[in-house]
Each structure stands twice: as structure tokens, then as C-alpha cells.
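Asks: Position one of the sequence shown corresponds to residue 0 (numbering that gives the first Met the number 0), numbered consecutively onward.
Let me begin by handing over the structure; questions about it come next.
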Amino acid sequence: MTEIKKIKAGNVKLKSKYNFDDELSDKIHCQCSFCEKLVTLSPKTRKLHHKLSGPNNFYCSFCLSNNLNKKDSRNYLLMSYRGILGYYYFEYYKNNNKMFMSQLKDFEEAHCKIGIENPLFKYDEKSMVWFVDFNRIGRGKHKLNVSNALQTSEDILNAFELKRIVSESAHVKILSKYTNAIMSFYKTRCRPKEKFILMPTFANTNAEIRFNKFHKPAYSMEKTKNFTFVESFE
Ligand SMILES: [Zn+2]
0 MTEIKKIKAG NVKLKSKYNF DDELSDKIHC QCSFCEKLVT LSPKTRKLHH
50 KLSGPNNFYC SFCLSNNLNK KDSRNYLLMS YRGILGYYYF EYYKNNNKMF
100 MSQLKDFEEA HCKIGIENPL FKYDEKSMVW FVDFNRIGRG KHKLNVSNAL
150 QTSEDILNAF ELKRIVSESA HVKILSKYTN AIMSFYKTRC RPKEKFILMP
200 TFANTNAEIR FNKFHKPAYS MEKTKNFTFV ESFE
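Here you go:
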């Protein structure tokens with residue numbers, strides 16, 4: 000008869016098969032080489048990204064999973080409507096409680112819903128950046144005309160109900176900022192280095208004129224483009 004030994008239960012220290020001890024911190028902050036998003040990673044995840052990104056580069060999960068670390072990513076236009084939500088945040092949520100945070104979220108969801116109807120528009124909800132695939136915009140088989148991209152951009156903009164909220168001149172001006180930049184990217188396939196992501200703001204548009212002619216915003220319009228829901232925004 001086999002003797003069954005009683006095993007005493009105790010604390011067992013489990014050791015990972017993989018060694019990540021060479022990292023100094025358990026959180027690593029990295030910026031994506033393509034979409035400029037700041038991400039926080041564990042050493043374990045960082046190693047996966049490092050392997051997939053290659054030397055001297057770091058790509059975020061969104062860019063890696065959408066193959067945006069490849070050569071043809073230069074034909075992607077990156078654009079965002081954060082400047083509009085950031086403006087609503089400062090002007091109508093923080094300054095005078097004319098909007099709730101839930102309304103800002105509703106605007107964000109509405110613009111997302113409209114944009115993703117165009118298969119060439121991909122959206123990263125963490126950074127609120129759109130990736131428009133110009134590899135498939137132009138003339139030829141299986142390509143969409145650039146007018147489709149312009150129309151989608153205008154439809155997305157309409158989700159923010161600008162006609163109701165900002166002055167007409169501000170609405171027209173911000174629409175033309177998107178339109179002109181999309182056409183310029185279509186022709187040249189490049190963006191100004193310091194403005195790689197197309198992210199217009201209401202700077203110099205008198206956006207606030209509808210409510211108060213003499214109102215001067217106490218915040219910098221430049222700051223409005225930093226708006227996100229993910230991390231604390233200031
Ligand atoms: Zn990225």
C-alpha cells in the first residue's frame with residue numbers, strides 16, 4: 000500500500016519564468032513615435048512593445064495593432080477634435096456650469112459614432128485621435144474620393160452642434176481649418192513638423208461672441224487641445 004504523505008500548506012513564493020528585474024521602475028512612461036500618445040507600461044509590456052517596435056522607436060498598442068509602425072503610415076492623416084471639447088470644457092463646464100461633464104462625453108460619443116461610419120477613419124478613444132487612411136483615398140479602383148473624407152470630417156464637426164453653441168464666424172473658421180488641412184495633406188502627404196496632428200482650436204475665432212461680446216477667456220486656447228477624458232486634465 001502506498002503511503003500518502005500529508006503535505007503542509009504554506010506560503011509559496013511564485014517566481015516568474017521571465018526576468019524583468021532589470022527595469023528600475025514598475026511603471027515606464029513612453030511616447031508613441033507615431034501618434035505622440037503618452038502611455039504608461041509595466042516592464043513586461045514594455046518588452047513586448049520594444050520587440051514589436053524595433054530599435055530607437057516606440058509604438059503604442061493602438062498603432063501596433065493597426066500596423067501604423069509600417070512604411071505606409073506616412074499616408075495616414077492624424078486629426079483630432081480635442082480642441083473643441085477642450086473649449087467646451089473650459090468655457091461651459093469649468094467657467095460657468097453651462098454644460099455637464101456627461102454632455103461632453105455625449106458629444107465625444109456622437110462624433111465617434113459618425114466618424115467610424117467611414118471605413119477609412121480609425122479612432123483611438125484613449126487619445127481621441129482619428130487616423131485617416133489616405134492610402135485608399137484618391138483616384139482609382141477601390142479608392143474613395145477625397146470629398147468623402149471632407150464630408151466625414153464635416154459630419155463629425157456637426158456632432159458638436161457648433162451652430163447652436165459658438166458664433167457663426169467661429170464655426171466657419173474651424174471648418175475651413177479642417178478642410179484646408181485635409182486638402183493640403185491629400186496633395187502633399189505631409190504635415191508641418193510641430194503640428195503633426197491636425198488639431199485646430201478656436202484661437203482667434205471669437206468663438207465666445209455668441210454669449211458675450213466682451214468676454215475674454217481666462218485660459219489659453221492652446222491648452223484646449225490637451226483635453227482627454229482618460230487622465231486628469233489641466
Ligand atoms: Zn501610437
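The beta-carbon is built from N, C-alpha and C at its ideal position, and this holds for glycine as well.
Keep in mind the model is a prediction, meaning the values are calculated, not measured.
Taking 7 angstroms as the cut-off, is the C-beta of F33 nearer than that to any heavy atom in ligand 1?
Replies: Stepping through the sequence shown from its first residue, residue 33 is reached at position 34. At least one heavy atom of ligand 1 lies less than 7 angstroms from the C-beta of F33.
Asks: Can you determine whether any heavy atom of ligand 1 sits closer than 7 angstroms to the C-beta of C29, and answer yes or no?
Replies: Taking the sequence shown and counting its residues from 1, the one referred to as residue 29 is at position 30. Answer for C29: no, Cβ out of range of ligand 1.
Asks: My parser needs the alpha helix (DSSP H) runs of 4 or more residues fully inside the region 66-154; what are they?
Replies: Within the region 66-154, the alpha helix (DSSP H) runs of at least 4 residues that lie entirely inside it are, in chain order, 81-87 and 100-114.
Asks: Does the beta-carbon of G82 have 16 or more other beta-carbons within 10 angstroms, so that it is buried, or is it exposed?
Replies: Position 83 of the sequence shown, counted from the first residue, corresponds to residue 82. By the 10 Å Cβ count, G82 comes out buried.
Asks: Taking Cβ to Cβ, would you say F201 is nearer than 8 angstroms to I173?
Replies: Here the question's residue 201 lines up with position 202 in the sequence shown. Here the question's residue 173 lines up with position 174 in the sequence shown. In contact: F201 and I173 (Cβ atoms closer than 8 angstroms).
Asks: Per DSSP, which one or two residues make a beta bridge with I27?
Replies: Here the question's residue 27 lines up with position 28 in the sequence shown. DSSP, once it has assigned bridges, lists L40 as partnering I27.
Asks: Find the nearest neighbour of A148 within the set K162, E167, Y80 and D132, judged by alpha-carbon distance.
Replies: By 1-based counting over the sequence shown, the position of residue 148 is 149. Comparing Cα-Cα distances from A148 to each of K162, E167, Y80 and D132, the minimum goes to D132.
Asks: According to DSSP, is M0 helix, strand or coil?
Replies: What you label residue 0 is simply residue 1 of the sequence shown in a count that begins at 1. The predicted position of M0 is uncertain, since its pLDDT is 49 and thus under 50; no value can be drawn from it.
Asks: Quick one: what's L197 bridged to in DSSP?
Replies: Sequence index remark: in the sequence shown, residue 197 carries index 198 (1-based). BP columns for L197 point to M78.
Asks: Hey, out of P42, E167 and R138, whose CA is closest to N205's CA?
Replies: Taking the first residue of the sequence shown as position 1, residue 205 is located at position 206. Selected option, being the one with the closest Cα: E167.
Asks: Taking 7 angstroms as the limit between beta carbons, can you name the residues of its chain near K162, skipping five residues before and five after?
Replies: The sequence position of residue 162 within the sequence shown is 163, counting from 1. Closer than 7 angstroms at Cβ, skipping near neighbours: H170.
Asks: For the alpha helix (DSSP H) that T187 lies in, which residues bound it at each end?
Replies: The residue given as residue 187 occupies position 188 in the sequence shown. Where T187 is concerned, the enclosing alpha helix (DSSP H) stretches over E167 to T187.
Asks: Does the beta-carbon distance from K142 to N65 come in below 8 angstroms?
Replies: For this step, residue 142 is matched to residue 143 along the sequence shown. For this step, residue 65 is matched to residue 66 along the sequence shown. In this structure, N65 does not lie closer than 8 angstroms to K142 by Cβ.
Asks: Measuring straight from C-alpha to C-alpha, what distance separates E90 and K104?
Replies: The count along the sequence shown starts at 1 and reaches residue 90 at position 91. The count along the sequence shown starts at 1 and reaches residue 104 at position 105. C-alpha separation (whole angstroms): 15 angstroms.
Asks: Between I196 and V145, which are expected to be in contact by the criterion C-beta below 8 angstroms, what is the C-beta distance as a whole number of angstroms?
Replies: Translated into the one-based positions of the sequence shown, residue 196 becomes position 197. Translated into the one-based positions of the sequence shown, residue 145 becomes position 146. Their Cβ separation, rounded to whole angstroms, is 19 angstroms, which puts I196 and V145 out of contact at 8 angstroms.
Asks: If L63 and L51 are in contact, beta carbons under 8 angstroms, what's the gap, nearest whole angstrom?
Replies: The count along the sequence shown starts at 1 and reaches residue 63 at position 64. The count along the sequence shown starts at 1 and reaches residue 51 at position 52. Sure, about 5 angstroms apart at Cβ, within 8 angstroms.
Asks: Put D20 into one of helix, strand or coil per three-state DSSP.
Replies: By 1-based counting over the sequence shown, the position of residue 20 is 21. Here the model assigns D20 a pLDDT of 49, short of 50, so the residue's position is not dependable, and the following value carries that caveat. Note: D20 maps to coil in three-state DSSP.
Asks: Can the beta-carbon of I181 be found less than 8 angstroms from the beta-carbon of I155?
Replies: The count along the sequence shown starts at 1 and reaches residue 181 at position 182. The count along the sequence shown starts at 1 and reaches residue 155 at position 156. No; because the gap between Cβ atoms is not below 8 angstroms, this pair is not in contact.
Asks: I think V229 touches K93, with their Cβ atoms under 8 angstroms apart; what is that distance to the nearest whole Å?
Replies: Translated into positions along the sequence shown, residue 229 becomes position 230. Translated into positions along the sequence shown, residue 93 becomes position 94. Between K93 and V229 the Cβ distance is about 18 angstroms, and since that is not below 8 angstroms, they are no contact.
Asks: Suppose the cutoff is 6 angstroms on Cβ atoms and the five residues either side in sequence are ignored; what does the same chain contact list for D20 look like?
Replies: The residue you call residue 20 lines up with position 21 of the sequence shown. Caution applies to D20, whose pLDDT of 49 falls short of 50 and renders its modelled position unreliable; the model cannot decide the point.
Asks: Alpha carbon to alpha carbon, what distance is there between E35 and H55?
Replies: To locate residue 55, count along the sequence shown from 1; it is residue 56. To locate residue 35, count along the sequence shown from 1; it is residue 36. Note that residue 55 is Asn in the sequence shown here, rather than His. Rounded to the nearest angstrom, the two C-alpha atoms are 15 angstroms apart.
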